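S.K.:
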Amino acid sequence: MDLAAKLQLKSGQSVAVVGQPESVSLEFGGDHPLADGADQADGVLVFCRARQDLERLSDQFVAPAKRDALTWVAYPKAGKLGTDLNRDVLADLVKARGVQPVRQVALDDTWSALRLRPA
């Protein structure tokens with residue numbers, strides 16, 4: 007399954023990627039133009055390596071999630087990259103901001119992503 011399908015992007019929908027690590031290669035395939043920013047994109051993928059990133063980048067995913075864009079927050083899988091972030095920590099932090107996790111996918115061997123929607 008290609009990345010666009012995993013992230014539920016339909017053909018023609020734009021996507022914004024925030025904080026993509028150099029070690030991560032993303033191939034959306036098909037017709038998915040890259041947006042300049044998260045504010046107008048149909049889909050948003052924000053990478054957070056640690057809790058500090060989640061706090062710093064929250065504006066990049068809370069507003070799109072509240073307008074019900076396809077909003078995903080990527081975080082390292084357990085035991086990867088020595089992170090203080092996991093699914094449960096991420097879920098608690100986003101719920102406090104008025105959005106809720108609704109789906110989880112694996113992006114690769116190191117990264118998972120959690121989809122967010124309005125609470």
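Read in order, the letters of the sequence shown correspond to residues 7 to 125 in the numbering used here.
Backbone N, C-alpha and C define an ideal beta-carbon position, used for all residues, glycine too.
No experiment lies behind these values; they were computed from the predicted model shown.
Where does Q106 fall in DSSP's three states?
M.R.: Strand, per DSSP.
S.K.: DSSP on A119, reduced to helix/strand/coil?
M.R.: strand
S.K.: Determine the closest residue to V105 out of L113, A112 and L96, with distance taken between C-alpha atoms.
M.R.: L96
S.K.: Flag this pair as yes or no: are the beta carbons of V50 and P27 separated by less than 9 Å?
M.R.: no
S.K.: Use the C-beta contact count for V108: other C-beta atoms within 10 angstroms, 16 or more gives buried, fewer gives exposed.
M.R.: exposed
S.K.: When burial is assigned at 16 or more other CB atoms within 10 Å of the CB, is P82 buried or exposed?
M.R.: buried
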